[in-house]
Amino acid sequence: MHLAALTLRDYRNYRILELEFPRGVIVLTGENGAGKSNLLEAIHYLSYLKSFRTSRDKEIVRFGAPYAVIDARFSDEQSHDFEVRLVLKDGKRFVRFNGDDVQKFQDYIGKLHSQFFFPGDLGIVTGDPALRREVLDLELLRLKPQLTKVMNHFRRAREQRNKLLKMIHPQPGVTRDNRELQQSFTAFSEQMVQSGAQLVRERLGITRVLDGLFRPLHRQLASEAGEQVTLDYFSQVTLDPPEGIAASYGEVLAAAAASESSLRYTSVGPHRDDMLFRLGDGRDLKRFGSQGQMRSAALAFRLALCELSRQRMKDDPILMLDDALSEMDDGRKGRLMELAGRYSQVFITSASAREVGQIKRAAGQVYRVANGRVEPY
Amino acid sequence: MASLPEALSELIHRLSRLPGIGPRAAERMALAIIDKNPAEIAALADALNDAVARVTHCPHCGCLSQDNRPCRVCDDNARDRSIICVVESPLDSIALEKGGGYHGLYHVLGGAISPLSGVLPEDLRISELLARVGDGVVSELILATNASPEGEATALYIRQELDELHERRAAAGSSESLARIRVTRLARGLPSGSQLDYTDSATLQSALDNRTEL
Ligand SMILES: Nc1ncnc2c1ncn2[C@@H]1O[C@H](COP(=O)(O)OP(=O)(O)O)[C@@H](O)[C@H]1O
Ligand SMILES: [Mg+2]
Ligand SMILES: [Zn+2]
Chain D
727 MHLAALTLRD YRNYRILELE FPRGVIVLTG ENGAGKSNLL EAIHYLSYLK
777 SFRTSRDKEI VRFGAPYAVI DARFSDEQSH DFEVRLVLKD GKRFVRFNGD
827 DVQKFQDYIG KLHSQFFFPG DLGIVTGDPA LRREVLDLEL LRLKPQLTKV
877 MNHFRRAREQ RNKLLKMIHP QPGVTRDNRE LQQSFTAFSE QMVQSGAQLV
927 RERLGITRVL DGLFRPLHRQ LASEAGEQVT LDYFSQVTLD PPEGIAASYG
977 EVLAAAAASE SSLRYTSVGP HRDDMLFRLG DGRDLKRFGS QGQMRSAALA
1027 FRLALCELSR QRMKDDPILM LDDALSEMDD GRKGRLMELA GRYSQVFITS
1077 ASAREVGQIK RAAGQVYRVA NGRVEPY
Chain C
204 MASLPEALSE LIHRLSRLPG IGPRAAERMA LAIIDKNPAE IAALADALND
254 AVARVTHCPH CGCLSQDNRP CRVCDDNARD RSIICVVESP LDSIALEKGG
304 GYHGLYHVLG GAISPLSGVL PEDLRISELL ARVGDGVVSE LILATNASPE
354 GEATALYIRQ ELDELHERRA AAGSSESLAR IRVTRLARGL PSGSQLDYTD
404 SATLQSALDN RTEL
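For the record, the sequence lines run as chains D and C.
Here the working numbering is used: the first residue of the first sequence is 727, the next is one more, and so on.
Here the working numbering is used: the first residue of the second sequence is 204, the next is one more, and so on.
Shown next, in the form of structure tokens:
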């Protein structure tokens, strides 16, 4: 997939910007504050319906303007065109995909695919488990859209179960003697366990596939730093063998009954699981790794996601590397450029003339960003 | 814009409160109604009143019926009285009847267990179902609740109730044949999370044919 055309109106510092982009490596260069990241943010927004730097849509509208509009045309490997229009107005957003209003965001998410990396982006390694679960679930939905139903089933069954926990235990530690509630609880627990186990199996599967893609990429990127890093799905439920996951989930829940009677919510399951980056001897990278190790792992993970999409969906995501080169030595820069250059479209931003000089050879097109304008260099 | 006569806007307002009828459609319907000849409209008004006064729930199964009489299915001697198909709403039984391949009886629960919406087992016609099952004639129960978490949990709940009923009877030394009752669930031909009354009849028929033990 690549971004063929982009129009921004009153988006961040852009009053009006109309551009067409080729495939290949695109370098955006310009002073700090020129608007390079803003441009990538717009592409990210189209893919994920959120920014990577703010949760407040209002900040995105150009100061003093009533609303912001992004129009974009994407084209996939089979030359299918996708047209997207996004309007941000009064803190609300409106999306049109190929001329139709998008009502349910789950129908839209996953249609356009980009992966974004910037040097501070260690969140995928160091951030909340929720962040990694979200990434895994999104990738799963891209590969198997029908899993929406399983995810919804699990969430709904868990919400019903939580409600029952509060009815059965009106106060922490207090238990009402009510057979109907107890039996309903058993029934919803079973629903939660079955759909939850299915979700865990899927997440485990995709983590293993990603691990296989991640390792060689990480080795290539980190090379001299040496230490191997692996991806590992983490759950309180026993994961081996996968057929036993439901049974194990049931057992873990049964064992948690006493604590649940005071917590009064479901404390075990896929909504609590994680995907860990582990160092060679099993230690958790986010606790024992160096900044450099974490950065390489985060970048290799983004590349592994690109690779997954290329292999399974026969479609490359748009790779966006924001100032990613600035903290790398020359050897690593070269290796990253080699890896990134394989994808159909890569956006790289850099404020450094020296860096641009270094990667020019690999670049298809260099643009200069200044004063709210973006022009071929 | 010319304002409408009060009586007409009242009619539009009433119509637009019906499901699936927006303000525009209500307007068109109302104008069509006042355009028709008076006899036809009187008949429509009678039909409305009649339906409201006379359509009731079947005392046996809870399906739609008339004047508190048993419904057409319960009243039909050709139906197999040993099988009961348990559904959430009367609409579900209508959907199954359209398939034409089912010859047993029905039991309408009146919903599914959903603590979040305040629906608990006591709000459903589950004890009525257990009473019917205990009569010694019934040999199979098809739990045809929706494939939603609520529908599935309700099926499981009924399954548990039957087991307990059986145990209590056995403990009391009753010789009734509860143990032989087969409990099945519609097969997974149904897309998960789907509503029975929105499912096409072919899919519904295959789900019915391939029902599984619960
Ligand atoms: N809503 C907005 N309206 C106008 N300008 C904005 C808005 N949000 C951010 N900016 C401007 O965008 C600039 C930052 O752009 P950015 O893309 O981060 O620069 P860089 O080229 O360094 O990546 C800042 O100068 C900031 O004032
Ligand atoms: Mg920047
Ligand atoms: Zn009846």
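Beta carbons: idealized from backbone N, C-alpha and C, even for Gly.
Chain-ordered, the residues whose CB falls short of 5 Å from any heavy atom of ligand 3 come out as C:Cys261, C:His263, C:Cys264, C:Cys266, C:Cys274 and C:Cys277.
For Arg1009 of chain D, no alpha helix (DSSP H) run applies, since DSSP gives it neither H nor E.
With 5 Å as the limit, the residues whose C-beta approaches a heavy atom of ligand 1 more closely than that are D:Arg738, D:Asn739, D:Asn758, D:Gly759, D:Ala760, D:Gly761, D:Lys762, D:Ser763, D:Asn764, D:Arg788 and D:Phe789, in chain order. A distance criterion of 7 Å places the beta-carbon of Asp1049 of chain D in contact range of ligand 2, judged by its closest non-hydrogen atom. Of all alpha-carbon atoms in C:Arg231, C:Asp366, C:Arg388 and C:Ser219, the one lying nearest the alpha-carbon of Arg414 of chain C is that of C:Arg388. Contact between the stretch 836 to 848 of chain D and the stretch 903 to 913 of chain D is absent: fewer than three C-beta pairs spanning the two stretches fall below 8 Å.
In this structure, Phe831 of chain D places its C-beta atom within 8 Å of the C-beta atom of Leu775 of chain D. In this structure, Gly314 of chain C sits near Leu327 of chain C, with a CB-CB distance shorter than 8 Å.
In this structure the stretch 1057 to 1074 of chain D does not touch the stretch 952 to 967 of chain D; the number of beta carbon pairs closer than 8 Å is below three. Beyond the five residues adjoining it in sequence on each side, Ser763 of chain D comes within less than 6 Å, by CB distance, of Asp1048 in the same chain, given in chain order. A direct Cα-to-Cα measurement between Val821 of chain D and Val828 of chain D gives close to 6 Å. Taking 7 Å as the cut-off, one finds at least one heavy atom of ligand 2 near enough to the beta carbon of Thr1075 of chain D. Taken through DSSP and simplified to helix, strand or coil, Phe1027 of chain D comes out as helix. Counting the other Cβ atoms within 10 Å of the Cβ of Lys239 of chain C gives fewer than 16, which makes it exposed.
For Phe800 of chain D, the enclosing beta strand (DSSP E) begins and ends at Tyr793 to Ser801. Shown here for Ser915 of chain D: same chain residues with a beta carbon closer than 7 Å to its own, the five before and five after excluded, namely Arg887 and Leu979 in chain order.
In summary, Thr755 of chain D is buried, with 16 or more beta-carbon neighbours lying within 10 Å of its beta-carbon over all protein chains present. Distance between Ala794 of chain D and Ile752 of chain D, taken at the CA atoms: about 24 Å. Listed by position along chain D, the residues whose Cβ is nearer than 9 Å to that of Leu323 of chain C are Met893, Glu906, Leu907 and Ser910. For Ala356 of chain C, the closest Cβ of chain D is nearer than 8 Å. At a cut-off of 8 Å between beta carbons, Arg927 of chain D makes no contact with chain C.
Chain D places no beta carbon closer than 8 Å to that of Gln398 of chain C, leaving this residue out of the contacts. Under the DSSP assignment, Phe960 of chain D falls in the beta strand (DSSP E) whose first and last residues are Val955 to Phe960. In the assembly as shown, Asn349 of chain C is a buried residue. Its beta-carbon has 16 or more other beta-carbons within 10 Å.
DSSP lists D:Lys815 as the beta-bridge partner residues of Lys818 of chain D. Between Ala982 of chain D and Arg990 of chain D, the alpha-carbon positions lie close to 11 Å from each other. Within the model, the alpha-carbon separation for Leu943 of chain D versus Phe789 of chain D is close to 41 Å. Secondary structure note for Pro855 of chain D: its alpha helix (DSSP H) is the uninterrupted segment Pro855 to Leu869. DSSP places His839 of chain D in the coil class of the three-state scheme, outside both helix and strand.
Residues Leu729, Ala731, Leu732, Leu772 and Val810 of the same chain have their beta carbon placed closer than 7 Å to that of Ala798 of chain D, with the five preceding and five following residues left out of the count. Contact between Gln924 of chain D and Val876 of chain D holds: their C-beta atoms lie close to 5 Å from each other, under 8 Å.
Per DSSP, reduced to three states, the secondary structure at Gly938 of chain D is helical. The C-beta distance from Asp937 of chain D to Leu1002 of chain D rounds to 11 Å, too long to fall under 8 Å, and the pair is not in contact. For Asn280 of chain C and Cys266 of chain C, the gap between their C-alpha atoms comes out near 17 Å.
If you check the CB distance, Cys261 of chain C and Cys274 of chain C come in under 8 Å. Interface residue (Cβ-Cβ distance to chain C less than 8 Å): Lys830 of chain D is not classified as such.
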